[in-house]
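As structure tokens, the structure follows; a few thoughts come after it.
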Amino acid sequence: MTISIHSAVSFGVLILAGLCYVTSQVTDVWMESDGLLSLGVWSFCVFSTDTHSWSCEINFSGFNMASQTFSILALLCYLNAFFLYTLSMACRSLQKCRPIITGISCLVFFIVSLQIMTMIVFSVKVHHHTDDVTELHLGKDEKRLPLRLSWSFTAAIVSTILSTISGVCISIELRNIIVDEFQ
5 MTISIHSAVS FGVLILAGLC YVTSQVTDVW MESDGLLSLG VWSFCVFSTD THSWSCEINF
65 SGFNMASQTF SILALLCYLN AFFLYTLSMA CRSLQKCRPI ITGISCLVFF IVSLQIMTMI
125 VFSVKVHHHT DDVTELHLGK DEKRLPLRLS WSFTAAIVST ILSTISGVCI SIELRNIIVD
185 EFQ
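Going by our numbering, the letters in the sequence shown line up with residues 5 to 187, in that order.
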């Protein structure tokens with residue numbers, strides 16, 4: 005089968021989105037604070053001024069587990085979408101690929117939704133978690149640390165934007181297949 009331009013663009017952009025999202029998930033710098041604390045979806049790191057070293061621990065707080073669940077589901081949707089893209093390349097005609105293209109379109113919608121939920125849940129509750137971590141590791145005397153978004157969170161945002169672009173392209177492809185069927 006010859007692949008249409010919309011499918012090819014959608015596939016390429018989704019690969020870039022997947023790489024950005026995996027990069028954002030394997031790092032622990034979604035938010036950072038004055039070189040003393042960095043927080044990610046999976047772990048947080050605290051800088052010890054006594055030993056001048058970082059110590060990292062796994063996040064087990066409730067909101068982080070929700071963020072982790074959403075991110076795992078998004079990664080599974082990426083894998084399924086890549087599998088369906090590979091399957092669609094074996095189709096002899098676009099009309100026979102319509103169910104596969106529909107599945108890809110739905111999976112990309114789920115990817116975007118799950119990524120947005122991951123970022124929202126993480127962002128809304130991170131200040132409460134920061135207060136707990138600060139009190140536990142830096143002492144009660146420490147005031148609330150100012151948090152700022154880091155490059156890893158930005159990679160997740162870029163991934164969401166790229167996934168949205170991929171979803172638009174594959175939806176246009178699906179629309180074109182349906183229009184061709186009725187002509």
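Virtual Cβ for every residue (Gly too), placed ideally from N, Cα, C.
query: Would a C-beta distance cut-off of 8 Å place I115 and A70 closer than the cut-off?
result: no
- request: Count the CB pairs spanning the stretch 76-96 and the stretch 56-66 that are closer than 8 Å, and state whether there are at least three.
  value: no
task: Along the alpha helix (DSSP H) that carries L80, what are the first and last residues, could you check?
output: 66-92
message: Here's the rule I'm using: 16 or more other beta-carbon atoms within 10 Å means buried, otherwise exposed. How should E36 be labelled?
response: buried
task: List the DSSP bridge partners of M35.
output: L43, L153
task: Please list, in chain order, all residues of the same chain as T122 whose beta carbon is under 6 Å from its beta carbon, the five residues on each side excluded.
output: S71, F74, S75
message: Can you confirm whether the stretch 96-104 touches the stretch 38-52 when touching is taken to mean that 3 or more C-beta pairs between the two stretches lie within less than 8 Å?
response: no
query: Thinking C-beta only, is S170 closer than 8 Å to A12?
result: no
query: DSSP puts E61 in a beta bridge; with which residues?
result: F48
field: R96 (DSSP reduced to helix, strand or coil)
entry: coil
message: Counting C-beta neighbours from all protein chains within 10 Å, is the total for D184 16 or more, i.e. buried, or is it exposed?
response: exposed
query: Is it true that the CB of I181 sits closer than 8 Å to the CB of L111?
result: no
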